[in-house]
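Here is the structure:
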């Protein structure tokens, strides 16, 4: 039985400006820049790529384009922020990645936030099944030279994400994007409902 202790963060339980699927769909039709956030394994990368293809938005992955170098080496923080600023200033994009420490750079340029807020068991299953599918190979949304792997620390990150990181997300949204609409997707059914609107 898992008995992890996690850091407590006090924050509201919901983003400041929540919209429903229909409202988000109407915003998507004219949105130039979309931020997709959420826990690993929840399906945010797949959703981001599908929306990007549908609306002609450049797909930006923080993992692939910003954070990682071959061999799972992390870029220097100053370089990461430089790349994020450069990407955020582009005219049309859908950006896949949570990293609340860069909300100040990304949210002011964002028309809509999609928070893929799936149950943690679903996220765990997503991460493990993804590992089985790509074991020994590199996923398209990951940096070259970073073959798929799964570690205990990563599973712990997923298990504690809602408790540890969601309050930080909500606080960051309130501070850096209180007027930016946020769609929360909490099930695969809702995710499919959003995509089905545009079929």
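Numbering (the numbering used here), first residue to last: 3 to 201. Glycine included, C-beta positions come from ideal geometry on N, C-alpha and C.
Apart from sequence neighbours up to five positions away, the residues of its chain that approach residue 111 with a beta-carbon distance below 8 Å are 35, 90, 91, ordered along the chain. With distances taken between CA atoms, residue 64 lies nearest to 144 out of 130, 144, 187. In the three-state scheme derived from DSSP, where H, G and I count as helix and E and B as strand, residue 40 is classed as strand.
Residue pairing by DSSP places residue 96 opposite 36, 61 in a beta bridge.
Shown here, residue 152 sits in coil according to DSSP, grouped into three states, outside any helix or strand.
In this structure, DSSP gives residue 186 an extended state, which the three-state scheme calls strand. Within the region 80 to 140, the runs of beta strand (DSSP E) that reach at least 3 residues and sit entirely inside it are, in chain order, 95 to 98, 114 to 118.
With contacts defined as CB atoms closer than 9 Å, residue 120 and residue 43 qualify as a contacting pair.
Note that the C-beta distance between residue 38 and residue 116 is below 9 Å.
Going by DSSP, residue 170 is part of the alpha helix (DSSP H) stretching over 168 to 178.
Cβ contact annotation for residue 66 (same chain, cutoff 7 Å, sequence separation greater than five): 143, 144, 145, in chain order. Using a C-beta cut-off of 8 Å, the region 126 to 136 makes no contact with the region 76 to 84, since fewer than three inter-stretch Cβ pairs fall below that distance. In the assembly as shown, residue 163 is a buried residue. Its beta-carbon has 16 or more other beta-carbons within 10 Å. The C-beta separation of residue 193 from residue 49 comes to about 6 Å, placing the pair in contact by the 8 Å criterion. Within a 10 Å sphere around the beta-carbon of residue 180 sit fewer than 16 other beta-carbons, which makes this residue exposed. In this structure, residue 73 and residue 147 form a Cβ contact; the two beta carbons are roughly 6 Å apart against a cut-off of 8 Å. In the three-state DSSP reduction, residue 75 falls in the strand class (E or B).
A straight line joining the alpha-carbon of residue 177 with that of residue 22 spans about 22 Å.
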